[in-house]
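*Asks:* So the working numbering is basically just the index in the sequence shown, starting at one, shifted up by 74. Sharing a structure with you now.
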Amino acid sequence: MPITVERLADENVIVAIATSPLDPVADIRRSWQDTARLAQDLEGHVFAISDFSQVNLSQHELEAGLDGLNGETLPPDNSTMIFVSNNGLADTLTQAYQDQYTGRRPVLFETIDDALAYIRWQKN
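Spelled out as structure tokens, the structure:
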């Protein structure tokens with residue numbers, strides 16, 4: 075499975091990790107649907123991490139994947155979006171997501187460990 079999505083046990087944290095090979099349109103759409111499904115039963119603030127650090131996508135591929143999203147597949151409004159990327163797509167990811175999908179600026183990290191540390195800091 076190119077993008078695995080799971081909820082961390084006993085936490086309002088959902089993690090989607092992308093691996094190669096990746097079909098940007100189908101896989102990103104499915105991962106967001108899975109994230110929304112997992113988030114719908116959670117109470118309180120939800121942190122949704124999308125980790126793209128293990129894949130190499132062009133700006134065009136990433137934008138094509140994000141274009142497949144709509145309001146029905148995005149996580150709830152009571153959430154923080156966190157992207158993990160160390161492959162030069164951080165600016166594209168941030169701009170496309172913010173401008174086209176929510177108007178909210180996601181939080182960016184280079185590693186999943188940094189993202190999880192940020193979440194734990196936010197909770198305290």
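Think of the CB as a built atom: it goes at the ideal place given N, C-alpha and C, for glycine as much as any other residue.
1. The alpha helix (DSSP H) spanning L136 covers which residue range?
2. To the nearest angstrom, how far is it from the Cα of W106 to the Cα of N198?
3. Hey, how far is the Cα of E184 from the Cα of Q133?
4. Taking just the CA atoms, how far does F121 sit from I193?
5. Excluding sequence positions up to five away, which residues of its chain have a Cβ less than 6 Å from the Cβ of D151?
6. Sorted by chain position, which residues of the same chain lie with C-beta nearer than 8 Å to I156's C-beta, five sequence neighbours on each side aside?
7. At the level of alpha carbons, what is the spacing between D101 and W195?
8. Classify P98: buried if its beta carbon has 16 or more other beta carbons within 10 angstroms, exposed otherwise.
9. Please state whether DSSP places T154 in a helix, a strand or coil.
10. Taking the alpha carbon of N160 as the reference point, which residue from E137, E135, A138, F126 has its own alpha carbon closest?
*Replies:* To lay it out plainly:
1. Residues 133-141.
2. Straight-line measurement puts the Cα of N198 at about 27 Å from the Cα of W106.
3. Cα to Cα, the separation comes out at about 17 Å.
4. When the Cα atoms are used, I193 and F121 turn out to be separated by approximately 7 Å.
5. Correct list: empty, nothing qualifies.
6. Cβ neighbours of I156 beyond the five flanking positions: F121, A122, I123, S124, P180, V181, L182, F183, A189, Y192, I193.
7. Pairing D101 with W195, the inter-Cα distance amounts to about 30 Å.
8. P98 sits buried, since 16 or more C-beta atoms from the chains shown fall within 10 Å of its C-beta.
9. In the structure shown, T154 adopts extended strand secondary structure according to DSSP, grouped into three states.
10. Closest by alpha carbon: F126.
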